[in-house]
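Heads up: the sequence lines are chains A and B, in that order. By our numbering, the letter at position 91 of the first sequence is numbered 1024, and the numbering carries on one by one without gaps. By our numbering, the letter at position 19 of the second sequence is numbered 952, and the numbering carries on one by one without gaps. Below: one structure, written as structure tokens.
Protein chains: 2
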Amino acid sequence: MSADCCESTGQSHPARCKDCAVRPFSVCAALNDDELGELQALSEPTSVAPKSALLLQDEPVQNVFNVTSGCVRLSKILSDGRRQVIGFAIAGDFLGLSFQDRSNFTAEAIGPVTACRFRKKAFLNYLDTKPDLVRRLLEFSANELRLAQEQLVLLGRRTAEERVASFLTMLRARNSRFGHQGATLQLPMSRLDIADYLGLTIETVSRTFTKMVRDKLIIIVPDGIRFVDLAHVGQIAAE
Amino acid sequence: MSADCCESTGQSHPARCKDCAVRPFSVCAALNDDELGELQALSEPTSVAPKSALLLQDEPVQNVFNVTSGCVRLSKILSDGRRQVIGFAIAGDFLGLSFQDRSNFTAEAIGPVTACRFRKKAFLNYLDTKPDLVRRLLEFSANELRLAQEQLVLLGRRTAEERVASFLTMLRARNSRFGHQGATLQLPMSRLDIADYLGLTIETVSRTFTKMVRDKLIIIVPDGIRFVDLAHVGQIAAE
DNA sequence: CGTTGAGTTGACCATCGTCAACAGGAGTGG
DNA sequence: CCACTCCTGTTGACGATGGTCAACTCAACG
């Protein structure tokens, strides 16, 4: 079985919610076994092909999603084409609950993605009967807000090298819950995605990686990087 | 009676929640009259002096707040002193519900501020009995997340002039619910606050204002600006 | 009337963006 | 199997946007 965080694996689509590997980390953890059965009845296990969209900016939101594997890029574009990636959703993350008719951003699968899909209306109706689930969603929302606020500091006040170091340590921390704790970090997204996430250009990201290699902080490996001096990278990120 | 959005006015501390002017815009709108009475019993009407703090970054959160008048600056600082203002809270905004023990940011009154204060524990306990209030908080949280995501685009991808134009139109839109719809816009915060909010320096903000005056887009008045060509400012902001 | 703090303006400069060339791997088709 | 294209990523030269440092104005306040 592949350990790649962005490949669809057999374990991601269990027969029942009860057996779902991401349940403890997802909103579903707010429900007991009986309620899980009800939720399961509303859910549609879905495979999303690489590069296809789960949500489209300014388009009506028909579905909400619970990501079960893979990596989803969330981005906003300006009318002249400038793009800002506002986040990456991974297993356990919940997508689409904005209480607005139209989506504020585009969500696209980077590699293969699996997710539980819900009709938005049905999900909202179910929500009205499950206060604990609403409470859990509130905690998720507050957490996303905290991450966005940290990203505001990064975009507003940090240098290119600090942004890249921050990005690498942040990604490592997020993967830790799935056991990926080694010195190797998979980077499922392209340099362009990273640049658009960090408010930089692809050239600056590339140059910064190269500098970090020269400084013996990381080495670049296929589809990712390997930390050589994790402590020092963390120090640059913390600053 | 002063129309300044950041001055304490008599109407801000009504005897009863029922009569509160900001209720329709705040989380309290989720409660009926009986419930309002319960909430009122938990609330402590509070006046906050200019420059004093409601929340301190990295310190335990004892209270949560419902702002009823004035303007509160939310900011995060890095260890070397760089500061990012992550938002401004005005009447109707709710502060402090992060589900974390310690605050992620500092919240300081810019001018005089009034707010309903709640002990965090008591408020959380009350929440457990009021699903509609949780639901309302979720909507507020989702809305704040949306604003933060738009700010990510601003900080990551927009020029100085676009940032300033966006800031002015955004502030105007937020004030509109309180009837401040004229061409004059009060700016309760300093140039430094604006700079730290927009990821710029105070000099760049000042130069950009000057340029916009030269271009006949705005004129600068005491404690604010006046729109001369609102449509054009909006166009620069939209881009 | 001197002091303080906020804001403005100018001169200069650094970081990062732009434009261009190039390298290397994957896929395609002869 | 090789040539070709395409795409991603890297590197270099140059330049622009916005930052740094400094001087100055002006209003508030004692």
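From the three backbone atoms N, C-alpha and C, an ideal C-beta is built for every residue, glycine too.
Hey, how far is the Cα of Lys1149(A) from the Cα of Asn1108(A)? Whole-angstrom Cα-Cα distance: 23 Å.
Proximity of Lys1009(B) and Gln1017(A) at Cβ, strictly below 8 Å: no
Exposed or buried, which one is Ser1002(A) when buried takes at least 16 other CB atoms within 10 Å? Counting Cβ neighbours within 10 Å, Ser1002(A) comes out buried, since at least 16 surround it.
As a quick exercise: from Gly1132(B), Asp991(B), Pro1045(B) and Asn999(B), pick the residue whose alpha carbon is nearest that of Ser985(B). Pro1045(B)
Closer than 8 Å to chain A by CB, Ile1127(B): Not an interface residue.
So, is Ser1012(A) buried or exposed, given that buried needs 16 or more other C-beta atoms within 10 angstroms? Counting of Cβ neighbours within 10 angstroms places Ser1012(A) among the exposed residues, the total staying below 16.
Local conformation of Gln995(B) per DSSP, three classes: coil
Going along chain A in order, which residues have a C-beta closer than 9 Å to the C-beta of Ser1031(B)? In chain order: Ala1075, Asn1076, Leu1078 and Arg1079.
Supposed contact pair Val1161(B) and Ile1152(B) - C-beta distance, whole angstroms, cut 8 Å: 6 Å
Which residues in the same chain have their Cβ closer than 7 Å to the Cβ of Thr1102(B), if we skip the five residues on either side of it in sequence? Val1166, Gly1167 and Ala1170
Relative to the C-alpha of Pro957(B), which residue among Gln995(B), Glu977(B) and Gly1025(B) is closest? Gly1025(B)
Contact list for Ser1099(B) against chain A, beta-carbon separation under 9 Å: Simply none; closest approach about 11 Å.
Going by DSSP, what residue range makes up the beta strand (DSSP E) through Phe958(B)? Unbroken run through Phe958(B): none, as it is neither H nor E.
What does the alpha-carbon distance come out to for the pair Val981(B) and Leu987(B)? 8 Å
Within 7 Å: the Cβ of Glu1083(A) and any heavy atom of the ligand ZN? Absence of the ligand ZN is noted for the structure shown, with no ligands found whatsoever.
Within the 8 Å Cβ cut-off, does Pro957(B) reach chain A? no
Phe1073(B) - containing alpha helix (DSSP H), residue span: Pro1064 to Arg1090
Leaving out the 5 sequence neighbours to the left and right, which residues in its chain are closer than 7 Å to Ile1127(A) when beta-carbon positions are compared? So the qualifying residues of the chain are Phe1100 and Val1138.
Does the beta-carbon distance from Gly1157(B) to Gln1119(B) come in below 8 Å? Annotated as proximal: Gly1157(B) and Gln1119(B), with beta-carbon spacing under 8 Å.
With C-beta atoms as the reference, is Val960(B) less than 8 Å away from Leu1066(B)? yes
Looking only at DSSP bridge pairs, what is Phe1021(A) linked to? Arg1006(A)
Alpha carbon to alpha carbon, how far is Leu964(B) from Arg1110(B)? Give it in angstroms, no decimals. 20 Å
Would you tell me roughly how many angstroms separate the C-alpha atoms of Leu1091(A) and Asp1129(A), rounded to the nearest one? Reading off the sequence shown, one finds Arg at residue 1091(A), where the question assumed Leu. So the alpha carbons of these two residues sit roughly 15 Å apart.
Under the three-state reduction of DSSP, which class applies to Leu1133(B): helix, strand or coil? coil
If you draw a straight line from the alpha carbon of Arg1050(A) to that of Ile1043(B), how long is it in whole angstroms? Cα to Cα, the separation comes out at about 45 Å.
Tell me the rounded alpha-carbon separation between Glu1077(B) and Ala1116(B). 26 Å
Can you pull the chain A residues whose beta carbon is under 7 Å from the beta carbon of Gln1017(B), in chain order? Leu1085, Val1086, Gly1089 and Arg1090
Kindly list, in the order they appear in chain A, the residues whose Cβ is closer than 7 Å to that of Arg1067(B). It should be pointed out that residue 1067(B) corresponds to Val in this sequence rather than to Arg. Pro1064, Val1067, Arg1068 and Leu1071, listed in chain order.
Enumerate, from N- to C-terminal direction, the unbroken beta strand (DSSP E) stretches of 3 or more residues contained entirely within the region 1107-1132 of chain B. 1117-1119
Please compile the residues from chain A whose C-beta is within a distance smaller than 8 Å of the C-beta of Phe1027(B). Simply none; closest approach about 11 Å.
Spatial distance of Cys950(A) from Gln973(B) (CA atoms): 41 Å
Identify which residue in Pro1064(A), Lys1063(A), Thr1134(A) and Leu1071(A) has its Cα closest to the Cα of Ala1093(A). Thr1134(A)
Look at the alpha carbon of Cys1004(B) and the alpha carbon of Arg1096(B), and state the distance between them as a whole number of angstroms. Note on geometry: alpha-carbon atoms of Cys1004(B) and Arg1096(B) lie some 20 Å from one another.
Which residues, taken in chain order from the region 1002-1017 of chain B, show a beta carbon closer than 8 Å to some beta carbon of chain A? Lys1009, Leu1011, Ser1012, Asp1013, Arg1015, Arg1016 and Gln1017
Please tell me whether Leu1088(A) and Gly1089(B) are closer than 8 Å, where the distance is taken between their beta carbons. yes
Quick check: what's the CA-CA separation for Val1146(B) versus Arg1159(B)? 10 Å
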